[in-house]
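S.K.: One structure coming up, written as structure tokens, with questions to follow.
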Amino acid sequence: MASGSREKRIIKVGIAGIAANLAVSALKLTFGLLAHSISIVLDGVNNAGDVLSSAVTVAGTKIAGRPADKKHPLGHGRVEYISAAIIAAVILYAGVTALVEAIKRIVSPEIPEYTVFTFIVVSLSVAVKIVLGTVTVREGKKLSSEALVNSGRDALLDAVISTSVLVAAVIFRFFGINLEAYLAVVISAVIIRAGIGMFVGTISKIMGERVSGDLSRSIKETVCEEEGVCGAYDLILNSYGPDLLIGSVNIEVPDSWRADRIDVVSRRIADRVEREYGVVLTAIGVYSLNVSDDGTALVREPIVTAVRGIEHVLSIHGFYCDESEKTVRFDVVVDFGVKDEEKLREEVKNAALNAAPGYSVSVHVDYDYSD
Numbered sequence: 001m002a003s004g005s006r007e008k009r010i011i012k013v014g015i016a017g018i019a020a021n022l023a024v025s026a027l028k029l030t031f032g033l034l035a036h037s038i039s040i041v042l043d044g045v046n047n048a049g050d051v052l053s054s055a056v057t058v059a060g061t062k063i064a065g066r067p068a069d070k071k072h073p074l075g076h077g078r079v080e081y082i083s084a085a086i087i088a089a090v091i092l093y094a095g096v097t098a099l100v101e102a103i104k105r106i107v108s109p110e111i112p113e114y115t116v117f118t119f120i121v122v123s124l125s126v127a128v129k130i131v132l133g134t135v136t137v138r139e140g141k142k143l144s145s146e147a148l149v150n151s152g153r154d155a156l157l158d159a160v161i162s163t164s165v166l167v168a169a170v171i172f173r174f175f176g177i178n179l180e181a182y183l184a185v186v187i188s189a190v191i192i193r194a195g196i197g198m199f200v201g202t203i204s205k206i207m208g209e210r211v212s213g214d215l216s217r218s219i220k221e222t223v224c225e226e227e228g229v230c231g232a233y234d235l236i237l238n239s240y241g242p243d244l245l246i247g248s249v250n251i252e253v254p255d256s257w258r259a260d261r262i263d264v265v266s267r268r269i270a271d272r273v274e275r276e277y278g279v280v281l282t283a284i285g286v287y288s289l290n291v292s293d294d295g296t297a298l299v300r301e302p303i304v305t306a307v308r309g310i311e312h313v314l315s316i317h318g319f320y321c322d323e324s325e326k327t328v329r330f331d332v333v334v335d336f337g338v339k340d341e342e343k344l345r346e347e348v349k350n351a352a353l354n355a356a357p358g359y360s361v362s363v364h365v366d367y368d369y370s371d
């Protein structure tokens, strides 16, 4: 999807959220105050916070859509993650504020005065929030907008909260049991929990998460479909916004290839990956594969067997044996449980030396960055 079209759709959903939440919030605050209902008032305040959330989503999307410049050569896409974090913080603040007010009402209770219009307003808000939340989450996932997804989930949570307010009002009207203040405490706790979850999830994205396993495997398979490429390794992708992934990959090619052929193949790979996945490969490294020396396997197999038995080692690639120089080089992929990388490297090197006496060994350690 073109970035311009994506931006317009996110803004459209965000503006719809602003309009819906303004109307719902105004009605709840009005009828909540008239009915002396703390739970309805807090629900209205929560909806007012949603107006700010939608406004942040719109503003964040507009900023994120700005073209790259000298100061930000990779664009402004990460602003969307920041706006999602702001939304989570607003939700968290609303939850804490609501909790304080609920506790005050427990200490100094006030009897609510529900009317028919109160029930109509709350029921209507439930329906509006369900529709708004469902549409916003769906569009957010479709457009890879964390801010929209957070806003949509918040709207669905509001529907649950409003339903509980409605149930409490019905119980008081027909049974005379006042659950107002205690329900407000529960509502506050739910809002706080949701805010924390959204905030933690968004911060994780800002820090940089592991790329989807399906995506990384698909890209590697596509790279290996290029004629002559024997393997794709060390794929690292960095997110510079929901719709911009930039990274690098290493390919394994025959050691008989000339630089001009490697250049042509690398360019074809980069073009195809960007065209099919929207991923920009800014660097494609090269591992040379022995094709002219049949004796390489006699050295490779015992080394691979010895090294794979070492704790934390997941796989080996980039293996090359130079018989004339009696040298061996390869990379080992290890998991993130490694505490001492240098110690592990020495262990791998010694295992290789024992498996192939008479050779010098060079080992590079790679971490398990992608599937």
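Under the numbering used here, think of the first position of the sequence shown as 1, with each following residue one higher. Beta carbons are placed, not taken as given, at the ideal position from N, Cα and C, and that holds for glycine.
Just reading off the alpha helix (DSSP H) that V333 is part of, what are its end residues?
M.R.: That residue, V333, is in no alpha helix (DSSP H); its beta strand (DSSP E) goes T327 to V334.
S.K.: Buried or exposed for T118, going by 16 or more other Cβ atoms inside 10 Å?
M.R.: Classification for T118: buried.
S.K.: Closest to I11 by C-alpha separation, out of S125, T115, A147 and A94, would be which residue?
M.R.: That would be A147, whose Cα lies nearest to the Cα of I11.
S.K.: Within 10 Å of its beta-carbon, does R308 have 16 or more other beta-carbons around it, so buried, or fewer, so exposed?
M.R.: Counting Cβ neighbours within 10 Å, R308 comes out exposed, since fewer than 16 surround it.
S.K.: Given I219, which residues of its chain have a CB within under 7 Å of its CB, disregarding the five upstream and five downstream residues?
M.R.: These residues qualify, in order along the chain: L235, V273, Y277 and V279.
S.K.: Does DSSP put D243 in a helix, a strand or coil?
M.R.: If DSSP states are grouped into helix, strand and coil, D243 belongs with coil.
S.K.: If you follow the alpha helix (DSSP H) that C224 is part of, which residue opens it and which one closes it?
M.R.: Start and end: G213 to C224.
S.K.: V122 by DSSP, collapsed to three states: which one?
M.R.: The answer is helix: DSSP assigns V122 an H, G or I state.
S.K.: From which residue to which residue does the alpha helix (DSSP H) around G318 run?
M.R.: Premise fails: G318 lies in the beta strand (DSSP E), V313 to D322, not in any alpha helix (DSSP H).
S.K.: Between which two residues does the alpha helix (DSSP H) containing A259 stretch?
M.R.: Element bounds for A259: A259 to Y277.
S.K.: Can you tell me whether K326 is buried or exposed, with buried defined as 16 or more other CB within 10 angstroms of its CB?
M.R.: Classification of K326: exposed, given that the 10 Å Cβ count is below 16.
S.K.: Does the Cβ-Cβ distance between M207 and A88 come in under 7 Å?
M.R.: Result no, Cβ atoms of M207 and A88 do not sit closer than 7 Å.
S.K.: Could you round the C-beta distance between A94 and N46 to whole angstroms and report it? I think they count as a contact, below 8 Å.
M.R.: Contact holds; Cβ gap of about 5 Å.
S.K.: Specify, as a first and last residue, the run of the alpha helix (DSSP H) that D154 falls within.
M.R.: Its alpha helix (DSSP H) spans residues E146 to F175.
S.K.: Excluding five sequence neighbours on each side, which residues of the same chain lie with their C-beta closer than 8 Å to the C-beta of A306?
M.R.: The residues are A351, A352, N354 and A355.
S.K.: For I192, which of helix, strand or coil comes out of DSSP?
M.R.: Here I192 sits in helix by DSSP.
S.K.: Pick helix, strand or coil for Y182, following the three-state DSSP scheme.
M.R.: Three-state result, Y182: helix.
S.K.: Please state whether the Cβ-Cβ distance between E252 and G228 is less than 7 Å.
M.R.: It is not a contact, given that the beta carbons lie outside the stated cut-off.
S.K.: Taking the DSSP output, what are the residues bridged to L289?
M.R.: DSSP output for L289 lists P254 as bridge partner(s).
S.K.: Rounded to a whole number of angstroms, what is the C-alpha to C-alpha distance between P67 and G77?
M.R.: One C-alpha to the other measures close to 9 Å.
S.K.: Just list the residues that DSSP pairs A232 with in beta bridges.
M.R.: Looking at the DSSP assignment, A232 forms a beta bridge with I251.
S.K.: Does DSSP put V131 in a helix, a strand or coil?
M.R.: Correct three-state label for V131: helix.
S.K.: Residues in the same chain with beta-carbon distance under 8 Å from V185, minus the five sequence neighbours each way, listed in chain order, please.
M.R.: Excluding residues within five positions, the ones whose Cβ falls inside 8 Å are L99, A102, I103 and I106.
S.K.: Within the stretch 20–75, note down every full alpha helix (DSSP H) run reaching 4 residues or more, in order along the chain.
M.R.: Qualifying alpha helix (DSSP H) stretches, in chain order: 38–64.
S.K.: In whole angstroms, what separates the C-alpha of I303 from that of S360?
M.R.: C-alpha separation (whole angstroms): 12 Å.
S.K.: Tell me, which residues are paired with A283 by DSSP?
M.R.: Bridge partners of A283: S248.
S.K.: Here's the rule I'm using: 16 or more other beta-carbon atoms within 10 Å means buried, otherwise exposed. How should S151 be labelled?
M.R.: Counting Cβ neighbours within 10 Å, S151 comes out buried, since at least 16 surround it.
S.K.: Give a yes or no on whether the C-beta atoms belonging to R345 and V313 are separated by under 7 Å.
M.R.: Going by C-beta atoms, R345 is not nearer than 7 Å to V313.
S.K.: When the Cα atoms are used, what is the spatial distance from A159 to L166?
M.R.: The straight-line gap from Cα to Cα measures roughly 10 Å.
S.K.: Less than 7 Å separating the beta-carbons of G60 and S83?
M.R.: Yes, the Cβ-Cβ distance between G60 and S83 is below 7 Å.
S.K.: Less than 7 Å between the beta carbons of S315 and V333, yes or no?
M.R.: Closer than 7 Å, so yes.
S.K.: Are at least three pairs of beta-carbons, each pair with one atom in the stretch 119–131 and one in the stretch 10–27, less than 8 Å apart?
M.R.: Yes, they touch.
S.K.: Pop quiz: H36 and E110 are said to be a contact at Cβ under 8 Å. What is the actual Cβ separation, rounded to whole angstroms?
M.R.: Indeed they touch by this definition, with Cβ atoms about 5 Å apart.
S.K.: With which residues is V365 paired in a DSSP beta bridge?
M.R.: V332, per the DSSP bridge assignment.
S.K.: Pair every Cβ in the stretch 13–20 with every Cβ in the stretch 125–138, then say whether three or more of these pairs are closer than 8 Å.
M.R.: The stretch 13–20, when compared against the stretch 125–138, does touch it at the 8 Å Cβ threshold.
S.K.: Taking the alpha-carbon positions, what's the P73 to V149 distance?
M.R.: Straight-line Cα distance between these residues: approximately 27 Å.
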